[in-house]
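Q: If you scroll down you'll find the structure; I have some questions about it.
Chains as they are written, first to last, in our numbering: chain A, 57 to 587; chain B, -6 to 170.
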């Protein structure tokens, strides 16, 4: 195995040390690590905002924070979790794993890679600083609908600039991934031989370069509407505020697949490894992912059923939305078929992946309910929507990301993590996340609106249960940090092939992966290209 | 590093695509207007040049047109239609008058934005003259009668018996100067 890695003998040769290594690094593994640490930090920053939200909702009435601050917590929590936690975690994994998986020495554009990471801390410094400004942070919701968002105080230009920076960073990351995969694959690694994680990231990257510039355009229009007298969204000047919603969701719907597709890729790596069977229906997985991505550009108005669309428009967007269930169903059935009659073992990464399949599907079903136009009028802007997108994003995307960390942690650190603690973390997370979000379905169906700090007393019991689940979930995540730190510091030595059933090039390099790998392209055998 | 020139080519085409999509965001603005105009979704009324011969053969249908008036928060004006509603025959021009009063001790410029509902009717609601075509200036304490001249097209779909023409006046000059 180690014949493939000529570099592992002089592991310590070219590694810069100290601050310089981290600030100026162009090494895909270092930048991947930075992304992952940053994402975990932001996960806790955004998470503590969620704790404030749940504390306020623990009982009816106003307890801890004033409504304006509550709304800015809701807004900033969303922006941080989407742009600061889930997306950077995905990009971090892509940075670490894609070159290893396709047999490339590094990303194609290493300097740009460094830049796209280092923009992020500054962007979030801008965003979080707004919470301390006169007039408070942005409180009009992460969707930034005008005219409400235009009432934001001094925070407004900071919000827009932060969104611009986040967009630029993500676009650079996406370009880097596409260029790497298209030009740097080892000889023999054809497109249809690539691991599914690579495939999902290529497709995600195309979604990023196609949708984020549109958002950038939209928020620029907001900025010029506020400060330069344009009237894109101002009815007095002949504009239309509903236009912003169209522009936003033209970005926003692909964005939800930007968050979800890498998770699909992750579980498509993990499930075959622990079922000890090749992935069922590899080609159909690739095509399903691509069709989800294409369809995602034609369903945006299902977020806007209540703005007064013509009936024909509502029908079109309803049917298009239903259509997405088909390729998604293909994926879910393929994962199940992969497990069918497999020799399954249930280590932590596998547990997270199975939970992903089940809980993401629940989120998918509530999404189907929301996609039915006539019933959406009832569910729109209620806690049912909150429950839906937390099932797909937390028990979906975040669970897959956690599974990925457990799966590849031995490759990164050279040590096995504490399996027992990992499983405890899994069960705590799964149980508490369901206590946290399942009751919110009922709250939404009963009519509790989202983004309001107070509620009718009839909602009190379910909110209290949800808050208790929330606090417990928040605390359980500290265990994750402990497990990761413990694994970095030491433990059982990990073999190159850390998991018995794992397939792919990343398992042919030693653990921990040397600083430089595949400086000469590996010679691929048939066995290495199995999925 | 392998294939330097290929990497450069892929990168440049992706950067170009990004810029293109940024432009597409802006292109959505006129596209949206065109789309709304073609389908009448937005309740935007139609503008026509009045032709004498159009008046000669009105249809024998009667539909009710209601007049609605709104003032946007910043504008210190009051606005109301002289009559709440009239019965009209499609194919014939009618006039309606709104009474506008400036409550403020200074000159204010306003702009009226029309909207028609149900939105299907907006394609058939033709105006030849309207105070909403231009900015309106009201001096301190001034009252004005403002005119709209319109025709409901003869092709108005069956089933539309009731049309509401709504105006919202917005402030144009930001301060009191």
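For glycine and all other residues, C-beta sits at the position ideal for the given N, C-alpha and C.
Keep in mind the model is a prediction, meaning the values are calculated, not measured.
Taking contact to mean 3 or more Cβ pairs, one atom from each stretch, closer than 8 Å, check whether the region 499 to 515 of chain A and the region 461 to 479 of chain A are in contact.
A: no
Q: Just the C-alpha distance for residue 379/A and residue 305/A, rounded to the nearest angstrom, thanks.
A: Stepping through the first chain from its first residue, residue 379/A is reached at position 323. Stepping through the first chain from its first residue, residue 305/A is reached at position 249. Near 18 Å, if we compare the C-alpha coordinates of residue 305/A and residue 379/A.
Q: Given a cut-off of 8 Å on the beta-carbon distance, is the pair residue 92/B and residue 161/B in contact?
A: Looking up residue 92/B in the second chain gives position 99. Looking up residue 161/B in the second chain gives position 168. The answer is no: Cβ separation not under 8 Å.
Q: Quick check on residue 556/A: does DSSP put it in helix, strand or coil?
A: For the purposes of this step, residue 556/A is taken as residue 500 along the first chain, with counting starting at 1. Of the three classes helix, strand and coil, the one that applies to residue 556/A here is coil, per DSSP.
Q: For the pair the region 141 to 155 of chain B and the region 100 to 120 of chain B, tell me if three or more CB-CB distances fall below 8 Å.
A: yes
Q: Roughly how far, in whole angstroms, is the beta-carbon of residue 416/A from the beta-carbon of residue 451/A, given that I think they are within contact range, below 8 Å?
A: By one-based count along the first chain, residue 416/A stands at place 360. By one-based count along the first chain, residue 451/A stands at place 395. That belief holds up - the Cβ atoms of residue 416/A and residue 451/A are roughly 7 Å apart, short of 8 Å.
Q: Extract the residue ranges of the beta strand (DSSP E) inside the region 108 to 163 of chain A, only unbroken runs of 3 or more that lie entirely within it.
A: none
Q: Candidates 422/A, 403/A, 424/A and 337/A: which alpha carbon is nearest residue 389/A's?
A: Start at 1 with the first residue of the first chain, and residue 389/A comes out as number 333. Looking at the Cα atoms, 337/A is the closest of the given residues.
Q: Select from 466/A, 434/A, 192/A and 414/A the residue whose C-alpha is nearest the C-alpha of residue 565/A.
A: Within the first chain, the letter at position 509 stands for residue 565/A. With distances taken between Cα atoms, residue 565/A lies closest to 466/A.
Q: Please list, in chain order, the chain A residues whose beta carbon lies closer than 7 Å to that of residue 104/B.
A: On the second chain, position 111 is the one that residue 104/B refers to. Chain A residues near residue 104/B: 292.
Q: Kindly list, in the order they appear in chain B, the residues whose Cβ is closer than 9 Å to that of residue 84/A.
A: Residue numbering aside, residue 84/A sits at position 28 when the first chain is read from its first letter. Simply none; closest approach about 13 Å.
Q: Which one or two residues does DSSP pair with residue 157/B in a beta bridge?
A: Numbered from 1 along the second chain, position 164 holds the residue referred to as residue 157/B. Answer is 59/B and 110/B, bridged to residue 157/B.
Q: Output the distance between the C-alpha atoms of residue 195/A and residue 216/A, rounded to the nearest integer angstrom.
A: Taking the first residue of the first chain as position 1, residue 195/A is located at position 139. Taking the first residue of the first chain as position 1, residue 216/A is located at position 160. Rounded to whole angstroms, residue 195/A to residue 216/A spans 13 Å at the Cα level.
Q: Beta carbon of residue 267/A, beta carbon of residue 225/A: below 8 Å?
A: Looking up residue 267/A in the first chain gives position 211. Looking up residue 225/A in the first chain gives position 169. Their beta carbons are not under 8 Å apart, which means residue 267/A does not touch residue 225/A by this criterion.
Q: Closer than 8 Å, CB to CB, is residue 19/B near chain A or not?
A: Here residue 19/B is taken as the residue at index 26 of the second chain, counted from 1. Cβ-Cβ to chain A under 8 Å: yes for residue 19/B.
Q: Indicate whether at least one CB of chain A lies closer than 8 Å to the CB of residue 93/B.
A: Taking the first residue of the second chain as 1, we reach residue 93/B at position 100. Not closer than 8 Å to any Cβ of chain A, the Cβ of residue 93/B fails to qualify, so no.
Q: For chain A, find out if any of its Cβ atoms is closer than 8 Å to the Cβ of residue 128/B; answer yes or no.
A: The residue given as residue 128/B occupies position 135 in the second chain. It does not: the Cβ of residue 128/B has no partner Cβ on chain A nearer than 8 Å.
Q: Specify, as a first and last residue, the run of the alpha helix (DSSP H) that residue 139/B falls within.
A: Here residue 139/B refers to the residue found at position 146 when the second chain is read from its first residue. No alpha helix (DSSP H) contains residue 139/B, which is instead part of the beta strand (DSSP E) from 136 to 145.
Q: What residues are listed by DSSP as bridge partners for residue 105/B?
A: Walking along the second chain from the start, residue 105/B turns up at place 112. Answer is 162/B, bridged to residue 105/B.
Q: Just checking: is the beta-carbon of residue 588/A within a distance shorter than 8 Å of some beta-carbon in chain B?
A: Nothing in the structure corresponds to residue 588/A, since chain A is present only between 57 and 587.
Q: Less than 8 Å separating the beta-carbons of residue 193/A and residue 104/A?
A: One-based indexing of the first chain puts residue 193/A at position 137. One-based indexing of the first chain puts residue 104/A at position 48. Their beta carbons are not under 8 Å apart, which means residue 193/A does not touch residue 104/A by this criterion.
Q: Quick one: which chain B residues come within Cβ less than 8 Å of residue 165/A?
A: Taking the first chain and counting its residues from 1, the one referred to as residue 165/A is at position 109. Within 8 Å Cβ-Cβ: 0 and 4.
Q: For residue 626/A, collect the residues of the same chain with a Cβ closer than 6 Å to its Cβ; drop the 5 residues on either side in sequence, then sort them by chain order.
A: With chain A running from 57 to 587 in the structure shown, residue 626/A is simply not present.
Q: Below 8 Å on the Cβ atoms is my contact criterion, and I expect residue 394/A with residue 328/A to pass it. Report the Cβ-Cβ distance as a whole number of Å.
A: Indexing the first chain from 1 puts residue 394/A at position 338. Indexing the first chain from 1 puts residue 328/A at position 272. Indeed, because the Cβ distance is near 6 Å, the residues count as touching under 8 Å.
Q: On the criterion of 16 or more Cβ atoms from any shown chain inside 10 Å, does residue 87/A qualify as buried, or is it exposed?
A: Looking up residue 87/A in the first chain gives position 31. Residue environment analysis places residue 87/A among the buried positions, since at least 16 neighbouring C-beta atoms fall within 10 angstroms of its C-beta.
Q: Would you check if there are 3 or more beta carbon pairs closer than 8 Å linking the region 154 to 166 of chain A to the region 77 to 85 of chain A?
A: yes
Q: Using the rule of at least 16 other Cβ atoms within 10 Å of the residue's Cβ for burial, across every protein chain shown, is residue 133/B buried or exposed?
A: Here residue 133/B corresponds to residue number 140 of the second chain, with the count starting at 1. Exposed, because fewer than 16 other Cβ atoms sit within 10 Å of the Cβ of residue 133/B.
Q: Between residue 148/A and residue 229/A, what straight-line distance do the alpha-carbon atoms span, to the nearest angstrom?
A: Within the first chain, residue 148/A is the residue found at index 92, counting from 1. Within the first chain, residue 229/A is the residue found at index 173, counting from 1. When rounded, the distance between both Cα atoms is 10 Å.
Q: Check each candidate in 120/A, 433/A, 203/A and 241/A and name the one with the smallest Cα separation from residue 575/A.
A: For the purposes of this step, residue 575/A is taken as the residue at position 519 of the first chain. Looking at the Cα atoms, 241/A is the closest of the given residues.
Q: Using 8 Å as the limit for Cβ to Cβ distance, is residue 31/B near chain E?
A: Note that chain E does not occur in the displayed structure, where the protein chains are A and B.
Q: Beta-carbon of residue 234/A versus every beta-carbon of chain B: anything under 8 Å?
A: Against the first chain, residue 234/A aligns to sequence position 178. For residue 234/A, the answer is yes, since a Cβ of chain B falls inside 8 Å of its Cβ.
Q: Quick check on residue 455/A: does DSSP put it in helix, strand or coil?
A: In the first chain, the residue the question calls residue 455/A occupies position 399. Reduced to three states, the DSSP call for residue 455/A is helix.
Q: Hey, out of 536/A, 374/A, 526/A and 560/A, whose CA is closest to residue 424/A's CA?
A: Numbered from 1 along the first chain, position 368 holds the residue referred to as residue 424/A. Residue 424/A has its Cα closest to that of 374/A, out of 536/A, 374/A, 526/A and 560/A.
Q: Residues bridged to residue 94/B by DSSP?
A: Counting from 1 along the second chain, the entry for residue 94/B is found at position 101. 71/B and 136/B, per the DSSP bridge assignment.
Q: Specify, as a first and last residue, the run of the alpha helix (DSSP H) that residue 311/A falls within.
A: One-based indexing of the first chain puts residue 311/A at position 255. Segment 297 to 331, the alpha helix (DSSP H) holding residue 311/A.
Q: Kindly indicate the opening and closing residues of the beta strand (DSSP E) around residue 118/B.
A: The sequence position of residue 118/B within the second chain is 125, counting from 1. It spans 118 to 123 - the beta strand (DSSP E) in which residue 118/B sits, taken as one unbroken run.
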